[in-house]
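Sequential numbering of the sequence shown, starting at 1, is according to the UniProt record's numbering.
Glycine residues also receive a C-beta, built at the ideal position from the N, C-alpha and C atoms.
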Amino acid sequence: MNRSEKAAVIEAIKARAERASFAVLTDFKGMSVEELTNLRVSLRKAGGEYHVVKNTLARIALTDGTHAAIKDKFHDNCGVAFGYDDPVAVAKALSDFAKQSKLFELRCASLDGKALDAAQIDALAKLPGREQLLGQLLGTMNAVPTNFVSLFANLLRGLLYALKGIEEQKGKAA
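Put into structure tokens, the structure is as follows:
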């Protein structure tokens, strides 16, 4: 690989890393091409992508970037997964794949510049997804006015029952 090719690879990694909100460093030693292809497919569905890169080129590309927290962790056989939209979906895809494959291992990650270890990645994977969290938030926001309307309706209903009772009493008296 000559200098211009290396520079192109560094720029490509740097562009992907700057676009990504979530970067996960993994160990894939001994995995087959078919397994890595399955991983790439599942990550693509989750809004991410997976790349096997040279360690020195990745270190150079991540220096002074958003994910500089993990640049020193590149050693041995490693790949990097980038998540662009929903970090929870990418973490779930990686965590599920790590449970299926004995050879695949999560090392560390960077979430918007904050370093995470493997246990924190698994904890992130256990969170509900973005869509589910938005649904819960909207349900909570919708519950307040709904409860207010039903409370107000119950007050009016009680008042109407009292007025109806007074009307019936006056009707019997007359």
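{"Check": "Report the start-end ranges of each beta strand (DSSP E) in the segment 54-115 that is 3 residues or longer and not cut off at the edges.", "Outcome": "78-83 and 105-111"}
{"Check": "In angstroms with no decimal places, state the Cα-to-Cα distance between K54 and G129.", "Outcome": "32 Å"}
{"Check": "Where does F28 sit, in a helix, a strand or coil, going by DSSP?", "Outcome": "coil"}
{"Check": "Counting beta carbon pairs with one atom in the segment 108-118 and one in the segment 150-163, are three or more of them shorter than 8 Å?", "Outcome": "no"}
{"Check": "What is the residue span of the beta strand (DSSP E) that G48 lies within?", "Outcome": "G48 to V52"}
{"Check": "How big is the Cα-Cα spacing for V144 and A61?", "Outcome": "49 Å"}
{"Check": "Cα separation between F74 and A58?", "Outcome": "7 Å"}
{"Check": "Please tell me whether K125 and F22 are closer than 8 Å, where the distance is taken between their beta carbons.", "Outcome": "What sits at residue 125 in the sequence shown is Ala, not Lys. Contact flag unset, no."}
{"Check": "Which residues share a DSSP beta bridge with F22?", "Outcome": "G83 and L111"}
{"Check": "Looking at the unbroken alpha helix (DSSP H) that takes in G139, where does it start and where does it end?", "Outcome": "R130 to A173"}
{"Check": "So does the segment 77-85 actually touch the segment 21-40, counting three or more Cβ pairs closer than 8 Å?", "Outcome": "yes"}
{"Check": "Between K172, A91 and G30, which has its C-alpha nearest residue 176's C-alpha?", "Outcome": "This structure gives no information on residue 176, because the portion of the chain shown stretches from 1 to 174."}
{"Check": "Since A46 contacts A89 with CB under 8 Å, what's their CB separation in whole angstroms?", "Outcome": "4 Å"}
{"Check": "Among M141, S101, I10 and H51, which one has its Cα closest to the Cα of G30?", "Outcome": "S101"}
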